[in-house]
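What follows is a set of notes on a single structure, which appears directly below.
There are 2 protein chains.
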Amino acid sequence: MQKKIARRSVLGSLGLMAGAGFARAADNPALAPGWQYHRLIPEAIAPEAMRLYHAGGCMYGVFGSVVAALAKEVGEPFRSFPLHMMQYGAGGAGGWGSLCGTLNGAAALIGLFEPDKKRREKIIGELFCWYEMSELPVFQPTGADEVPRSVAGSVLCHVSVGHWCKAAECDAFSKELKERCSRLTADVAAKTVELLNRNLDPSCTFAGITPAVRECISCHGEKELADTRGTMQCGSCHKLPEKHPIEVK
Amino acid sequence: MQKKIARRSVLGSLGLMAGAGFARAADNPALAPGWQYHRLIPEAIAPEAMRLYHAGGCMYGVFGSVVAALAKEVGEPFRSFPLHMMQYGAGGAGGWGSLCGTLNGAAALIGLFEPDKKRREKIIGELFCWYEMSELPVFQPTGADEVPRSVAGSVLCHVSVGHWCKAAECDAFSKELKERCSRLTADVAAKTVELLNRNLDPSCTFAGITPAVRECISCHGEKELADTRGTMQCGSCHKLPEKHPIEVK
């Protein structure tokens with residue numbers, strides 16, 4: 001009932017009428033016309049993403065490299081996207097250390113190009129799992145020194161940065177970390193393009209969550225305890241007693 | 250040096266030339282023309298955000314309610330924004346439980362309208378702190394039952410949902426949780442509009458991080474230990490020994 005009332009009241013207060021173009025269109029979040037993905041070359045996007053990292057941060061680098069390449073190839077509507085907004089994701093959203101900005105930018109791209117919720121979540125899942133479990137960064141600019149790699153173990157900037165700083169013995173405000181994050185931006189952009197290219201084939205499938213999380217969810221998920229939401233690495237924050245889950249049951 | 254090489258190689262591989270419109274424009278992430286915020290009424294946006302939550306999720310609800318209202322008021326460029334993309338943020342990005350989608354949508358709006366990094370981060374900081382520390386949801390649709398409130402204690406969907414479910418004694422996949430998240434979408438949209446309205450006055454200031462986090466950062470931040478990044482509530486994951494930091498020092 002409250003849904004109906006809320007709807008009526010907003011129609012009044014915003015002066016919206018049935019059939020009023022865009023505002024009404026917002027009720028139907030289907031793919032807007034023209035926003036189709038076109039195949040890109042991951043190896044070409046990676047250095048562009050790294051370059052844009054230095055212009056506007058990690059989320060900006062990932063999202064901007066792909067949209068700028070599509071703007072170059074197909075023009076509108078990509079040319080009109082207000083890219084500048086994507087700077088907000090830097091440092092885990094406004095520097096808060098939450099979702100890694102590279103992943104936020106990548107997930108935004110997946111949201112832009114894949115309207116089906118289930119499929120979108122599968123693609124995001126494959127990307128996020130890869131990020132959590134891979135030794136990164138791997139992108140190597142020609143002629144530059146190698147940088148240490150680490151396994152993030154989490155999609156959170158705070159944790160991912162922490163693990164790398166420990167592995168590299170660098171501080172969290174160092175130029176070395178910045179170099180690592182710029183290369184990670186290249187890696188995530190290339191991986192996202194690889195997944196978006198794969199998604200051009202409708203018969204293609206994507207992996208879901210990690211085996212460790214699947215194990216936790218088998219009890220805590222929707223079908224049994226239903227006491228938690230999310231598929232981030234549980235062990236990143238929760239330290240379980242040795243005998244869990246036997247003791248708990 | 251590697252930056253120069255990376256730049257040259259991408260210019261070649263993407264076929265970009267100096268002066269090539271949008272792709273070059275991406276190097277300068279200044280506010281794109283026309284994307285100026287216009288004052289909105291928080292109380293009018295709230296029910297619209299709740300309604301759009303049911304169409305496309307939490308991030309979609311917050312972001313969509315504001316952009317649809319501006320599209321109605323000023324037309325382009327707001328009418329052409331590919332709103333559908335914002336569905337990706339639901340459930341903490343693709344259901345992963347990371348950054349709460351309402352906050353991701355709000356931070357995206359702040360990114361869209363505030364090009365100055367320092368000021369943008371202050372506004373995001375004030376919003377995120379409010380979210381972490383307030384008893385929510387407060388939005389009350391006319392004629393609907395009240396729902397329990399809780400303090401999220403975190404900007405992460407997984408933690409925020411967990412705290413509410415405990416307080417409300419509801420499971421994490423219940424219709425009660427969905428109702429709570431829809432009202433939270435209304436709350437965050439209204440708060441974001443309040444902050445964006447305030448930001449129209451350039452002399453206005455915004456609060457930063459919470460006192461508890463400020464205390465942690467005073468040692469772990471840039472000036473001293475420099476061993477962590479981020480300003481999420483530390484106590485949400487870290488349980489400190491009673492004598493910390495005295496023992497550690």
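These protein sequences, in sequence, are chains A and B. Mapping to our numbering: the first sequence position 172 is 172, numbers consecutive. To get our numbering, take the position in the second sequence, counting from 1, and add 249. The beta-carbon is built from N, C-alpha and C at its ideal position, and this holds for glycine as well. These figures come from a predicted structure and were not determined experimentally.
Grab the span of the alpha helix (DSSP H) containing K239 (chain A) for me, first residue to last.
K239 (chain A): not part of any alpha helix (DSSP H); DSSP gives it neither H nor E.
Rounded to whole angstroms, how far is the Cβ of G402 (chain B) from the Cβ of Q285 (chain B), which I believe are closer than 8 angstroms?
Their Cβ separation, rounded to whole angstroms, is 35 angstroms, which puts G402 (chain B) and Q285 (chain B) out of contact at 8 angstroms.
Counting only beta-carbon separations shorter than 9 angstroms, does R120 (chain A) have a partner in chain B?
For R120 (chain A), the answer is yes, since a Cβ of chain B falls inside 9 angstroms of its Cβ.
H220 (chain A): buried (16+ other C-beta within 10 angstroms of its C-beta) or exposed?
Taking a 10 Å sphere around the C-beta of H220 (chain A), we find 16 or more other C-beta atoms and assign the residue as buried.
Would you identify the three-state DSSP class for S467 (chain B), choosing helix, strand or coil?
Looking at S467 (chain B) - three-state DSSP - the assignment turns out to be helix.
So G105 (chain A) packs on G92 (chain A), CB below 8 angstroms; how close in whole Å?
Taking the Cβ atoms as the reference, G105 (chain A) lies roughly 12 angstroms from G92 (chain A), outside the contact range of under 8 angstroms.
Is the shortest distance between the beta-carbon of V497 (chain B) and the beta-carbons of chain A less than 9 angstroms?
Below a pLDDT of 50, predicted positions are generally treated as unreliable, and V497 (chain B), at 47, falls in that range; no measurement from the model is reported.
With a threshold of 16 other CB atoms inside 10 Å of the CB of C170 (chain A), please say whether the residue is buried or exposed.
Per the 10 Å Cβ criterion, buried.
On the criterion of 16 or more Cβ atoms from any shown chain inside 10 Å, does E395 (chain B) qualify as buried, or is it exposed?
With fewer than 16 other Cβ atoms within 10 Å, it is exposed.
Ranges of the alpha helix (DSSP H) found wholly within the region 280-308 of chain B, counting only runs of at least 4:
Runs of the alpha helix (DSSP H) inside the region 280-308 of chain B: 291-305.
For L385 (chain B), three-class secondary structure by DSSP
Looking at L385 (chain B) - three-state DSSP - the assignment turns out to be strand.
Cβ neighbour criterion (16 or more within 10 Å) applied to I294 (chain B):
Buried, by the Cβ-count rule.
Touching or not, the region 79-93 of chain A and the region 305-323 of chain B, by the rule of three or more beta carbon pairs under 8 angstroms?
No: fewer than three Cβ pairs fall under 8 angstroms.
Checking contacts by CB at 9 angstroms: is K427 (chain B) closer than that to chain A?
With 9 angstroms as the cut-off, K427 (chain B) does not count as an interface residue toward chain A.
Beta-carbon proximity check, A281 (chain B) vs H54 (chain A), cutoff 9 angstroms:
Their beta carbons are not under 9 angstroms apart, which means A281 (chain B) does not touch H54 (chain A) by this criterion.
Is any beta-carbon of chain A found at less than 9 angstroms from that of L280 (chain B)?
It does; some Cβ of chain A falls within 9 angstroms.
Throw me the rounded Cβ distance for the D227 (chain A) and C414 (chain B) pair, which I believe falls under 8 angstroms.
In this structure, D227 (chain A) and C414 (chain B) form a Cβ contact; the two beta carbons are roughly 7 angstroms apart against a cut-off of 8 angstroms.
Where G191 (chain B) meets chain A, residues with beta-carbon distance less than 7 angstroms
Outside the modelled stretch of chain B, which goes from 250 to 498, sits residue 191 (chain B), for which no answer is possible.
Among the residues of its own chain, which have a CB less than 6 angstroms from the CB of G270 (chain B), if the five just before and after it don't count?
Below a pLDDT of 50, predicted positions are generally treated as unreliable, and G270 (chain B), at 47, falls in that range; no measurement from the model is reported.
Contact between the region 66-78 of chain A and the region 116-131 of chain A is defined here as three or more beta-carbon pairs at a separation below 8 angstroms; is this criterion met?
Contact between the region 66-78 of chain A and the region 116-131 of chain A is absent, with fewer than three C-beta pairs closer than 8 angstroms.
Short of 6 angstroms in beta carbon distance, which residues of its chain neighbour S236 (chain A), apart from the five on each side in sequence? Order them along the chain.
Non-local C-beta neighbours of S236 (chain A) in its own chain, meaning closer than 6 angstroms and more than five positions away in sequence, comprise G153, S154, V159, ordered along the chain.
Suppose the cutoff is 6 angstroms on Cβ atoms and the five residues either side in sequence are ignored; what does the same chain contact list for E194 (chain A) look like?
Around E194 (chain A): P42.
Alpha helix (DSSP H) segment containing T434 (chain B), residue limits
Counting along the chain, the alpha helix (DSSP H) containing T434 (chain B) begins and ends at 424-447.
Once DSSP output is grouped into helix, strand and coil, what is the label at V315 (chain B)?
Three-state result, V315 (chain B): helix.
Please confirm whether E231 (chain A) has its beta-carbon closer than 9 angstroms to some beta-carbon of chain B.
Correcting the residue identity first, residue 231 (chain A) is Thr in this sequence and not Glu. Interface flag for T231 (chain A) against chain B is set, since a Cβ pair is found closer than 9 angstroms.
What first and last residue would you give for the alpha helix (DSSP H) that runs through I110 (chain A)?
Its alpha helix (DSSP H) spans residues 101-113.
Kindly say whether H244 (chain A), judged by its beta-carbon, lies nearer than 9 angstroms to any beta-carbon of chain B.
It does not: the Cβ of H244 (chain A) has no partner Cβ on chain B nearer than 9 angstroms.
If we cut at 9 angstroms on Cβ distances, does G21 (chain A) have a partner in chain B?
Per-residue confidence for G21 (chain A) stands at a pLDDT of 46, beneath the threshold of 50, marking its modelled position as unreliable; the derived number appears in the next sentence. Residue contact check for G21 (chain A) against chain B: a CB pair falls below 9 angstroms.
Whole angstroms is fine: what's the gap from L445 (chain B)'s alpha carbon to K371 (chain B)'s?
Taking the straight line joining both Cα atoms gives about 12 angstroms.
What three-state label does DSSP hand L332 (chain B) in the structure shown?
For L332 (chain B), the secondary structure class from DSSP, reduced to helix, strand or coil, is helix.
If you follow the alpha helix (DSSP H) that W96 (chain A) is part of, which residue opens it and which one closes it?
Neither: W96 (chain A) is in no alpha helix (DSSP H) and is coded neither H nor E.
Can you have a look at D187 (chain A) and say buried or exposed, based on whether 16 or more other CB atoms are within 10 angstroms of its CB?
So D187 (chain A) counts as buried.
9 angstroms is my cut-off, CB to CB: does S98 (chain A) come that close to chain B?
S98 (chain A) counts as touching chain B.
Could you list which residues in chain A have their beta carbon closer than 8 angstroms to that of H407 (chain B), in chain order?
Annotation: Cβ neighbours of H407 (chain B) in chain A (cutoff 8 angstroms, chain order): T228, R229, G230, M232.
Let me confirm a value: G258 (chain A) is counted as buried when at least 16 other C-beta atoms fall within 10 Å, else exposed. Which label applies?
As displayed, chain A neither begins before 1 nor continues past 249, which places residue 258 (chain A) out of reach and without an answer.
Distance cutoff 9 angstroms, beta carbons only. Does L240 (chain A) sit that close to anything in chain B?
It does not; no Cβ of chain B falls within 9 angstroms.
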